[in-house]
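Trainee: Which chain is which? The protein sequence lines are A and B, in order.
Take the first sequence: its letters are residues 4 to 371, numbered as in our numbering.
Take the second sequence: its letters are residues 4 to 371, numbered as in our numbering.
Below: one structure in structure tokens.
There are 2 protein chains.
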Amino acid sequence: MTTFSAIYHVTSNPAEIDARAAALALEQSVEMPATAICSDYVRQHTLGQVAQVAALDAQRFRVVLTLQVATTGAEPGQLMNMLFGNCSLQEDVQLVDVDFPAALLREFPGPRFGIAGIRRLLEVPERALTCTALKPQGLSPSELAALCVTFARAGIDVIKDDHGIADQAYAPFAARVRACQRGLNQVARDTGQRACYAPSLSGGPRQLREQLDIVANEGVGMVLVAPMIMGLPVFHELVREHFQVPVLAHPALSGALRIAPPLFYGKLFRLFGADAVIFPNFGGRFSFSRETCHALVHAARMSWGDCASALPVPAGGMSVERVPEMIEAYGLDTMLLIGGGLLSAGDALARRCQEFVTAVAVASTAHV
Amino acid sequence: MTTFSAIYHVTSNPAEIDARAAALALEQSVEMPATAICSDYVRQHTLGQVAQVAALDAQRFRVVLTLQVATTGAEPGQLMNMLFGNCSLQEDVQLVDVDFPAALLREFPGPRFGIAGIRRLLEVPERALTCTALKPQGLSPSELAALCVTFARAGIDVIKDDHGIADQAYAPFAARVRACQRGLNQVARDTGQRACYAPSLSGGPRQLREQLDIVANEGVGMVLVAPMIMGLPVFHELVREHFQVPVLAHPALSGALRIAPPLFYGKLFRLFGADAVIFPNFGGRFSFSRETCHALVHAARMSWGDCASALPVPAGGMSVERVPEMIEAYGLDTMLLIGGGLLSAGDALARRCQEFVTAVAVASTAHV
Numbered sequence: 004m005t006t007f008s009a010i011y012h013v014t015s016n017p018a019e020i021d022a023r024a025a026a027l028a029l030e031q032s033v034e035m036p037a038t039a040i041c042s043d044y045v046r047q048h049t050l051g052q053v054a055q056v057a058a059l060d061a062q063r064f065r066v067v068l069t070l071q072v073a074t075t076g077a078e079p080g081q082l083m084n085m086l087f088g089n090c091s092l093q094e095d096v097q098l099v100d101v102d103f104p105a106a107l108l109r110e111f112p113g114p115r116f117g118i119a120g121i122r123r124l125l126e127v128p129e130r131a132l133t134c135t136a137l138k139p140q141g142l143s144p145s146e147l148a149a150l151c152v153t154f155a156r157a158g159i160d161v162i163k164d165d166h167g168i169a170d171q172a173y174a175p176f177a178a179r180v181r182a183c184q185r186g187l188n189q190v191a192r193d194t195g196q197r198a199c200y201a202p203s204l205s206g207g208p209r210q211l212r213e214q215l216d217i218v219a220n221e222g223v224g225m226v227l228v229a230p231m232i233m234g235l236p237v238f239h240e241l242v243r244e245h246f247q248v249p250v251l252a253h254p255a256l257s258g259a260l261r262i263a264p265p266l267f268y269g270k271l272f273r274l275f276g277a278d279a280v281i282f283p284n285f286g287g288r289f290s291f292s293r294e295t296c297h298a299l300v301h302a303a304r305m306s307w308g309d310c311a312s313a314l315p316v317p318a319g320g321m322s323v324e325r326v327p328e329m330i331e332a333y334g335l336d337t338m339l340l341i342g343g344g345l346l347s348a349g350d351a352l353a354r355r356c357q358e359f360v361t362a363v364a365v366a367s368t369a370h371v
Numbered sequence: 004m005t006t007f008s009a010i011y012h013v014t015s016n017p018a019e020i021d022a023r024a025a026a027l028a029l030e031q032s033v034e035m036p037a038t039a040i041c042s043d044y045v046r047q048h049t050l051g052q053v054a055q056v057a058a059l060d061a062q063r064f065r066v067v068l069t070l071q072v073a074t075t076g077a078e079p080g081q082l083m084n085m086l087f088g089n090c091s092l093q094e095d096v097q098l099v100d101v102d103f104p105a106a107l108l109r110e111f112p113g114p115r116f117g118i119a120g121i122r123r124l125l126e127v128p129e130r131a132l133t134c135t136a137l138k139p140q141g142l143s144p145s146e147l148a149a150l151c152v153t154f155a156r157a158g159i160d161v162i163k164d165d166h167g168i169a170d171q172a173y174a175p176f177a178a179r180v181r182a183c184q185r186g187l188n189q190v191a192r193d194t195g196q197r198a199c200y201a202p203s204l205s206g207g208p209r210q211l212r213e214q215l216d217i218v219a220n221e222g223v224g225m226v227l228v229a230p231m232i233m234g235l236p237v238f239h240e241l242v243r244e245h246f247q248v249p250v251l252a253h254p255a256l257s258g259a260l261r262i263a264p265p266l267f268y269g270k271l272f273r274l275f276g277a278d279a280v281i282f283p284n285f286g287g288r289f290s291f292s293r294e295t296c297h298a299l300v301h302a303a304r305m306s307w308g309d310c311a312s313a314l315p316v317p318a319g320g321m322s323v324e325r326v327p328e329m330i331e332a333y334g335l336d337t338m339l340l341i342g343g344g345l346l347s348a349g350d351a352l353a354r355r356c357q358e359f360v361t362a363v364a365v366a367s368t369a370h371v
């Protein structure tokens, strides 16, 4: 039997932790009392086991469970179910890490492009990459396209929809994507400057298929997806069977899951196929610490079986002034995403965008 | 402009709460500084507003935001994004309730069967309903079918797959569903006793379509879905366009979201189409309080526009002994789910199941 490890932090008093860990192993596998299991096959092939209990402090413990690869059905939804299905409902449990054998890693595609593939597409071999967001929602397709043109002329690499831009009446997907991509095509013809547009996909499978047809027909170079809003199994199926371009993953709706961010965004989003992962940068308006961000970036880029590296995309309350600090912190295999920090320049937007592009180029050269 | 309210509990010190609430209104709508908005249309049609800030205690506040219905695109994923997309990443925020106008409620189907429809299908007009789970995962299709037969002969109304039973090699969906449904058909022919089977759906859209074909071909009467594993937009599309039978919703993976359970399971799962909602009962191995459970049951059953009521299904650490207490607590429009508490009877399983059925009948009669 091939097994994998799921690693939790559990709050408990010391006298009860062994029983609590044993109960967790049952909860995350057979979900019934061990004494009620009549089948030897179940005891050997699906029952979870406690591999380790170690104190972190007086009330918190690291608990490692050994679970069976066969129970995951090689499918992301059921893998998440095994890792954190029912125990998501138990407040004393946090999922902090996993240890997957090669046999399990092979079941998932990982990024199809990853850092190397995105660099090839964007024709940016070495420096850090630049990204910004079309916002606010409520702008019309032509207003969004005008923003696209400004961003592209300044030399920004990737222009993504704000994650709140979906398929609303004021900017329907088809009209918006056509207007934005055609704006970028015009800039490329006029200046040779090629920016990549990443529209936000939304809705159920039927709507997603329609949106992907539009993406293909307009020659769009990337897509933005919030995997926990879309659903991980759909995301994974699209990666395996439908996406033709790299996918940029957004953490919307997933922030409160009590799954450690380095694991969720760095490993699991990557494993399920995210080519680039947006995460809230430290020092902005979100609560991730510098240590969490570094661990996340490491997880996204580390060598991991045959799984390509995912491009880390720090975002949230970033500014042009912080560019050197960010490149110092994360290195060059990073895409810096500044949205509101550019748009707040108002009439000076074009100049602020050029400053962003220049700052990244300068800091990248200095970093080598 | 038609608006809806999103209601949060925010942890803050009193001096900063007004600024924090204003920042939350921006985060959940335009996601940029208000001063950087150049468009009057955006200010009027998409910008969120703070409607109320009220102290709950020295460090916690109730914050009501007014958001625009147009921003939701009438789609569950984007609605969740507006309610809790980015602020899921901000630890000081909990989503506790919503207030939706009729115009927004009309955009979503709600339960197609609901309590009344499930009662009609099961031919149980008045008493509380009974439910159990096939488990543990690792049993073969024929072993699961044998369990089905035992449960059905005892007179249990609904037999659902354990939520961890997906499409694993030891019990593939097609073989398992066929074996279980045929077992139930045989019991119906032999005894007249009709139980309803609810197999667990899993995977991406392609796999789901295959599974729904099997459900239809075998005449299966209900399905089990974990909406947060499947993805809410997929769930909603299946409800609108594909499901022919009632759907029983399971809370796996969703427990840690920092969304109040009465809102998430009682209102939102219901709005998106769950006919019955499983939730962890108080006093079991999960952390929901009695008050939370009562509020959830109220939300699932309350009058709410044209949205049919959803059947509450308390589960988790329940026992036959607790049946009178549960019916006293929740009343008759409830389905009691006992899984491990039956299976732990071992050789006496059939008798324990009969005791469950009898206890529910007796307590239901006593309740009137």
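Note that beta-carbon positions come from the ideal geometry of N, C-alpha and C, so glycine has one too.
Once DSSP output is grouped into helix, strand and coil, what is the label at residue 253 of chain A?
Mentor: In the first sequence, counting from the first residue as 1, residue 253 of chain A sits at position 250. Three-state DSSP puts residue 253 of chain A in coil, outside helix and strand.
Trainee: Which residue or residues does DSSP assign as beta-bridge partners of residue 307 of chain A?
Mentor: For the purposes of this step, residue 307 of chain A is taken as residue 304 along the first sequence, with counting starting at 1. For residue 307 of chain A, which the question treats as bridged, DSSP gives the partners A:310.
Trainee: Could you tell me the distance, in whole angstroms, from the CA atom of residue 20 of chain B to the CA atom of residue 61 of chain B?
Mentor: As a working mapping, residue 20 of chain B is identified with position 17 in the second sequence. As a working mapping, residue 61 of chain B is identified with position 58 in the second sequence. Those two C-alpha atoms are separated by around 11 Å.
Trainee: Helix or strand or just coil, what does DSSP make of residue 174 of chain A?
Mentor: As a working mapping, residue 174 of chain A is identified with position 171 in the first sequence. Looking at residue 174 of chain A - three-state DSSP - the assignment turns out to be coil, as it is neither helix nor strand.
Trainee: Between which residues of its own chain and residue 73 of chain B is the CB-CB distance below 8 Å, once the five residues before and five after are set aside?
Mentor: As a working mapping, residue 73 of chain B is identified with position 70 in the second sequence. Taken in chain order, the residues that qualify are 4, 5, 48 and 49.
Trainee: Check this for me: beta carbons of residue 80 of chain B and residue 235 of chain B, under 7 Å apart or not?
Mentor: Working through the second sequence from its first residue, we reach residue 80 of chain B at position 77. Working through the second sequence from its first residue, we reach residue 235 of chain B at position 232. Their beta carbons are under 7 Å apart, which means residue 80 of chain B touches residue 235 of chain B by this criterion.
Trainee: What's the C-alpha gap between residue 351 of chain A and residue 280 of chain A?
Mentor: Start at 1 with the first residue of the first sequence, and residue 351 of chain A comes out as number 348. Start at 1 with the first residue of the first sequence, and residue 280 of chain A comes out as number 277. Near 29 Å, if we compare the C-alpha coordinates of residue 280 of chain A and residue 351 of chain A.
Trainee: Pull up the distance between the alpha-carbon of residue 268 of chain B and that of residue 304 of chain B, whole angstroms please.
Mentor: Mapped onto the second sequence, residue 268 of chain B falls at position 265. Mapped onto the second sequence, residue 304 of chain B falls at position 301. Roughly 11 Å between the two C-alpha positions.
Trainee: Using a C-beta to C-beta distance shorter than 7 Å, which residues of chain B count as neighbours of residue 226 of chain A?
Mentor: For the purposes of this step, residue 226 of chain A is identified with residue 223 of the first sequence, where counting begins at 1. In chain order: nothing, as chain B lies at least about 15 Å away.
Trainee: Can you tell me whether DSSP reads residue 134 of chain A as helix, strand or coil?
Mentor: Stepping through the first sequence from its first residue, residue 134 of chain A is reached at position 131. Strand at residue 134 of chain A.
Trainee: In the DSSP assignment, what residue or residues form a beta bridge with residue 56 of chain A?
Mentor: Working through the first sequence from its first residue, we reach residue 56 of chain A at position 53. Bridge partners of residue 56 of chain A: A:66.
Trainee: For residue 316 of chain B, would you say it is in contact with chain A, using Cβ-to-Cβ distances shorter than 7 Å as the test?
Mentor: In the second sequence, counting from the first residue as 1, residue 316 of chain B sits at position 313. Closer than 7 Å: no.
Trainee: Does the beta carbon of residue 110 of chain B sit closer than 7 Å to a beta carbon anywhere in chain A?
Mentor: Here residue 110 of chain B refers to the residue found at position 107 of the second sequence. Chain A, which has no Cβ nearer than 7 Å to the Cβ of residue 110 of chain B, makes this no.
Trainee: At which residues does the alpha helix (DSSP H) containing residue 121 of chain B begin and terminate?
Mentor: By one-based count along the second sequence, residue 121 of chain B stands at place 118. That run of the alpha helix (DSSP H) goes 117–125.
Trainee: Looking at the strands, I want to know which residues DSSP matches up with residue 347 of chain A.
Mentor: Counting from 1 along the first sequence, the entry for residue 347 of chain A is found at position 344. The partner list for residue 347 of chain A (beta bridge, DSSP) is empty, contrary to what the question assumes.
Trainee: Could you say which of B:88, B:171 and B:358 lies nearest to residue 230 of chain A if we only look at CA atoms?
Mentor: Here residue 230 of chain A refers to the residue found at position 227 of the first sequence. Residue B:88 is the option with its Cα nearest to residue 230 of chain A.
Trainee: Any idea what DSSP makes of residue 153 of chain B, helix, strand or coil?
Mentor: Indexing the second sequence from 1 puts residue 153 of chain B at position 150. It is helical.
Trainee: Specify the secondary structure class of residue 217 of chain B as computed by DSSP and reduced to three states.
Mentor: The residue labelled residue 217 of chain B in the question sits at position 214 within the second sequence. Helix.
Trainee: Hey, which unbroken runs of the beta strand (DSSP E) at 3 residues or more fall wholly within the region 20–44 of chain A?
Mentor: Fully enclosed beta strand (DSSP E) runs of 3 or longer: not present.
Trainee: Contact defined as beta carbons within less than 8 Å: I believe residue 45 of chain A pairs with residue 28 of chain A. What is the distance between those atoms, to the nearest angstrom?
Mentor: Here residue 45 of chain A is taken as the residue at index 42 of the first sequence, counted from 1. Here residue 28 of chain A is taken as the residue at index 25 of the first sequence, counted from 1. Actually they are not in contact, since the Cβ atoms of residue 45 of chain A and residue 28 of chain A sit about 13 Å apart, beyond 8 Å.
Trainee: Identify the continuous alpha helix (DSSP H) that holds residue 231 of chain B and give its terminal residues.
Mentor: Against the second sequence, residue 231 of chain B aligns to sequence position 228. Taken as a continuous stretch (DSSP letters only), the alpha helix (DSSP H) holding residue 231 of chain B covers 230–233.
Trainee: With distances taken from CA atoms, which of B:182, B:158, B:35 and B:173 is nearest residue 134 of chain B?
Mentor: Counting from 1 along the second sequence, the entry for residue 134 of chain B is found at position 131. For the residues B:182, B:158, B:35 and B:173, the minimum Cα distance to residue 134 of chain B belongs to B:158.
Trainee: What number of angstroms, rounded off, separates the C-alpha of residue 35 of chain B from the C-alpha of residue 320 of chain A?
Mentor: By 1-based counting over the second sequence, the position of residue 35 of chain B is 32. By 1-based counting over the first sequence, the position of residue 320 of chain A is 317. Their backbone Cα atoms lie some 9 Å apart in a straight line.
Trainee: Tell me the rounded alpha-carbon separation between residue 115 of chain A and residue 212 of chain B.
Mentor: Working through the first sequence from its first residue, we reach residue 115 of chain A at position 112. Working through the second sequence from its first residue, we reach residue 212 of chain B at position 209. Rounded to whole angstroms, residue 115 of chain A to residue 212 of chain B spans 26 Å at the Cα level.
Trainee: Would you kindly work out how many angstroms separate the C-alpha atoms of residue 78 of chain B and residue 256 of chain A, rounded to a whole number?
Mentor: Your numbering for residue 78 of chain B matches position 75 in the second sequence. Your numbering for residue 256 of chain A matches position 253 in the first sequence. Each residue's Cα considered, the two are about 15 Å apart.
Trainee: If I measure Cβ to Cβ from residue 143 of chain A and keep anything under 7 Å in the same chain, skipping five residues before and after, which residues do I get?
Mentor: Within the first sequence, numbered from 1, the residue matching residue 143 of chain A stands at position 140. Here the set comprises 173 and 174.
Trainee: Is any beta-carbon of chain A found at less than 7 Å from that of residue 44 of chain B?
Mentor: Position 41 of the second sequence, counted from the start, is the residue given in the question as residue 44 of chain B. Yes, residue 44 of chain B counts as interfacial toward chain A.
Trainee: Classify residue 91 of chain A: buried if its beta carbon has 16 or more other beta carbons within 10 angstroms, exposed otherwise.
Mentor: As a position in the first sequence, residue 91 of chain A is number 88, starting the count at 1. The residue in question, residue 91 of chain A, is buried, as its Cβ has 16 or more Cβ neighbours within 10 Å.
Trainee: Report back the beta-carbon spacing between residue 147 of chain A and residue 182 of chain A to the nearest angstrom; my notes put them in contact at under 8 Å.
Mentor: The residue you call residue 147 of chain A lines up with position 144 of the first sequence. The residue you call residue 182 of chain A lines up with position 179 of the first sequence. The Cβ separation is near 7 Å, so the contact holds.
Trainee: With contact counted as at least three CB pairs below 8 Å, one residue from each stretch, are the region 281–292 of chain A and the region 248–264 of chain A in contact?
Mentor: Touching, yes, given that three or more Cβ pairs across the two stretches are closer than 8 Å.
Trainee: Taking the alpha-carbon positions, what's the residue 239 of chain A to residue 276 of chain A distance?
Mentor: Start at 1 with the first residue of the first sequence, and residue 239 of chain A comes out as number 236. Start at 1 with the first residue of the first sequence, and residue 276 of chain A comes out as number 273. Rounded to whole angstroms, residue 239 of chain A to residue 276 of chain A spans 7 Å at the Cα level.
Trainee: Have a look at residue 189 of chain B and residue 309 of chain B and give me their C-alpha separation to the nearest angstrom.
Mentor: Here residue 189 of chain B is taken as the residue at index 186 of the second sequence, counted from 1. Here residue 309 of chain B is taken as the residue at index 306 of the second sequence, counted from 1. Going by the C-alpha atoms only, they are around 39 Å apart.
Trainee: Name, please, each residue of chain B whose Cβ falls closer than 7 Å to the Cβ of residue 171 of chain A.
Mentor: Position 168 of the first sequence, counted from the start, is the residue given in the question as residue 171 of chain A. What residue 171 of chain A touches in chain B: 73, 74 and 76.
Trainee: Could you pull the start and end residues of the beta strand (DSSP E) that residue 380 of chain A belongs to?
Mentor: Outside the shown range of chain A, which is 4 to 371, sits residue 380 of chain A, and nothing can be said about it.
Trainee: List, in order along the chain, the chain A residues whose C-beta lies closer than 7 Å to that of residue 165 of chain B?
Mentor: On the second sequence, residue 165 of chain B is found 162 positions in, with the first residue counted as 1. Within chain A, the residues near residue 165 of chain B are 34.
Trainee: In this structure, how does DSSP classify residue 323 of chain A when only helix, strand and coil are distinguished?
Mentor: Within the first sequence, the letter at position 320 stands for residue 323 of chain A. Helix.
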